[in-house]
Each structure stands twice: as structure tokens, then as C-alpha cells.
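Residue numbers (the UniProt record's numbering): 1 to 321. To start, the structure under review is shown below, and the notes come after it.
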Ligand code: HEC
């Protein structure tokens, strides 16, 4: 088999050589085929070079992925470590948020994160029916004082919070927040899950990703090493430790449970429409499947007499002459 094969290839090789060497001999590859192959090869080469050129000229985010743009993906200092993908149950297509987890997550936010972070896009009423009952939220809001007014005398006054008030912020303005945190601004957490690459995975990993800096890296005072934070040095100290919050429902309160719950809460804050969106989507898909089936049936029903008719040409009997 091998012998036969090599003989054939040797034969055809010499034939090709002969074909090209002498102009009088008939070429093995016909002229028009060679022109086509040449044209395709040149077009491919020109397109590839153009694509690489365009890709290199585009900013990184828009790159077509053709031009090598350095090894940033593995650069801890610039991008932080990529968080592992964790199996968030609410990410599945048919699952809602775990609302008990949102409730516990609110408790973690209130008792720990709210000391520095605001959630100014959330109103108290948003929690009603999601994590707490209306009476509970009214009582929680009333614990805070809000400025209101002016009254009939034109004066501003303090009153207890209502359902329509926004969640209170820890600091009156950004400057005060920076002054209290060594110049770093604790970002508003209302949309933080949506605002960070890696979403829940990133927030969860960030909250637990603290460690000593690797040998050879020394951090400025007030900075902490966190391998998931771009740059590695974050101004926020580790906030979650085992048992820093006592859950009312008896869920174990180790640090990773606290991180999971607060991340679920922040995820709900970023995507408050999540549960309704999935339900509406399922209703829409079910309805359109039903309507499609119905319309296929209706079409067949309407067309049945037309499709099944038979058109016959009957030759009239020849008249006798
Ligand atoms: C003592 C104040 C303080 C507490 C408490 C605190 N943070 Fe922070 N947080 C900060 C500061 C300051 C920054 C800004 C860090 C920086 O830019 O270096 C920050 C940044 C963040 C970021 C943004 C990181 C990024 O990618 O930019 C997230 C998310 C975050 N905190 C979540 C939380 C959560 C959740 C809690 C509660 C479990 C919490 N923080 C508790 C001060 C705090």
C-alpha cells in the first residue's frame, strides 16, 4: 500500500515538474485553475492583513481578537486576578433570587457595609415584599432621622424616616467620605454588581480575597493586599470575618456565608426586576409557542380543501360528425 502510494506521488511530482519546466508540454494544473487558486490566495492574504491592521488600530475593547495586545489577561498588577465562576443559583434560567438570602444580605449591609457605603438609589419601599414586610420596613425606616421642610414657619425640621425615603448615607458628601477613608471613596453600592466585570463572582471574591502581600511587594500605609482588586492594593480593609453578624434565622454565620448573602443582596439591588423579568419571559415564550401551534393548525385547516383538491381535465367526448 505504502509502496504504491509513494510511487504515485513520485510520479505525479515529476509530472508537475515536467508540466512547469517545458512550455511545450501540457501543464498538469490547467491554466484557469491556477489563476483561480492564485486569486483566492491573494484575496485571503490581503483580507487577513487588513483585518489584523484594523484590529490593531481599534481600542482594546473593540478588538477583533486578531492582533496580539500583550499579556494583560495575566497581569495581576493591572487587572487583578480573575474571579472563579461560582454557581449562583439565581443565574439559572428558571430560578428566582433566594429572598431569604437577600434578607440576610441586607442585615450584613446594614450592620457592616453601611458604615462606609451608601446605597442611595434604594428607597425603603423597595425592600417591601422582597426581603421584609411593610411593617418591618416602616419600623426600620423610622429608626433614622431625615431632614424635611420647610414648615409653616419656614423652618427645616427632623422627622423619622418613611417608606418613600432613600436609604441613609454614612457620609454627607464625597469629600467627607474620602477624608474618613484615607482619600479613597467607598463607591455607592446600588449598582455595584452591574458595574464590575465578573459581577457577583467578583464581589464575593473581593470580599474574601485578602491576604498578606506576596514577598517583594510592600504596600503604602492604609492599603491592603487583595488579589482580586485591579492593582492588588485596596483601601478597604477586610470587612467580613466569621461570626461578625448574628443571623436571626440561625443560618451559619461564617465569613463566606456572609459574603454570599451580601452579594445576593447587592445583586438584587442591581437587578431588582430580575424575578419579574424571568416570569414575564417564560409567559411570553409559553404563549408564543401556543400561538405558533395554533396558527400552524389553523393554516392547515384553512388550506386543507385547497391542498387536497384534484384538478382533472376531462376530455369532452368527441362529437360524432
Ligand atoms: C471602613 C469602611 C468600609 C467598610 C466597612 C466597607 N467598605 Fe467597601 N470600600 C471602602 C473603600 C474606602 C473602598 C474604595 C477602595 C479603593 O478604591 O481602594 C471600598 C470599595 C468597595 C468596593 C468596590 C471595589 C472596586 O472594585 O472598586 C466594593 C464592591 C465594596 N467596597 C464592597 C463592600 C461590602 C460588600 C462591604 C460590607 C461587607 C464593604 N465594602 C465594607 C470602605 C469600606
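Every residue gets a Cβ at the ideal spot worked out from N, C-alpha and C, and that includes glycine.
In its own chain, which residues sit with a C-beta less than 8 Å from the C-beta of residue i, not counting the 5 before and 5 after it?
i	result
residue 148	156, 157, 158, 159
residue 224	210, 233, 234, 235, 236, 237, 238
residue 22	For residue 22, the pLDDT reaches just 45, beneath the cut-off of 50, and the residue's location in the model is therefore unreliable, leaving the point undetermined.
residue 123	163, 164, 165, 166, 167
residue 282	94
Considering just the uninterrupted stretch of the beta strand (DSSP E) at residue i, what are its terminal residues?
i	result
residue 146	145 to 148
residue 159	157 to 160
Just curious, the alpha helix (DSSP H) that residue i is in, first and last residue?
i	result
residue 305	274 to 307
residue 104	99 to 111
residue 204	199 to 208
residue 243	Where residue 243 is concerned, there is no enclosing alpha helix (DSSP H), given that its DSSP letter is neither H nor E.
residue 270	255 to 270
residue 178	174 to 180
residue 142	134 to 142
residue 194	192 to 195
So does residue i have its beta carbon nearer than 8 Å to some heavy atom of the ligand MN?
i	result
residue 217	Although the ligand MN was asked about, the structure shown includes only the ligand HEC as ligands.
Can you give the beta carbon distance from residue i to residue j, rounded, assuming they're within the 8 Å contact cut?
i	j	result
residue 104	residue 251	6 Å
residue 99	residue 131	6 Å
residue 189	residue 279	The pair is not a contact, with the Cβ atoms about 26 Å apart (cut-off 8 Å).
residue 255	residue 287	At roughly 45 Å, the Cβ-Cβ gap does not stay under 8 Å, so residue 255 and residue 287 are not in contact.
residue 365	residue 219	What is shown of the chain runs 1 to 321, which leaves residue 365 out entirely.
residue 128	residue 245	Wrong, their Cβ atoms sit about 22 Å apart, outside the cutoff.
residue 161	residue 144	4 Å
residue 97	residue 268	5 Å
residue 182	residue 231	That pair is no contact at about 15 Å.
When the Cα of residue i is compared with those of the options, which residue comes out closest?
i	options	result
residue 86	285, 110, 264, 287	264
residue 275	102, 41, 40	102
residue 257	270, 48, 242	242
residue 307	313, 299, 92	299
residue 240	113, 51, 41	113
residue 141	169, 177, 292, 151	169
residue 146	133, 221, 172	172
residue 180	135, 216, 116	116
residue 273	90, 152, 38, 49	90
For residue i, which residues in the same chain have their Cβ closer than 7 Å to its Cβ, ignoring the five residues on either side in sequence?
i	result
residue 302	none
residue 203	192, 193, 196, 263, 266
residue 228	80, 81, 83, 202, 205, 206, 209
residue 111	245
residue 311	none
residue 305	none
Note down, in chain order, each residue of its chain lying with its Cβ closer than 6 Å to the Cβ of residue i, except the 5 sequence neighbours on either side.
i	result
residue 226	209, 210, 234
residue 61	Bear in mind that the predicted position of residue 61 carries a pLDDT of just 48, short of 50, making it too unreliable to give a figure here.
residue 118	169, 188
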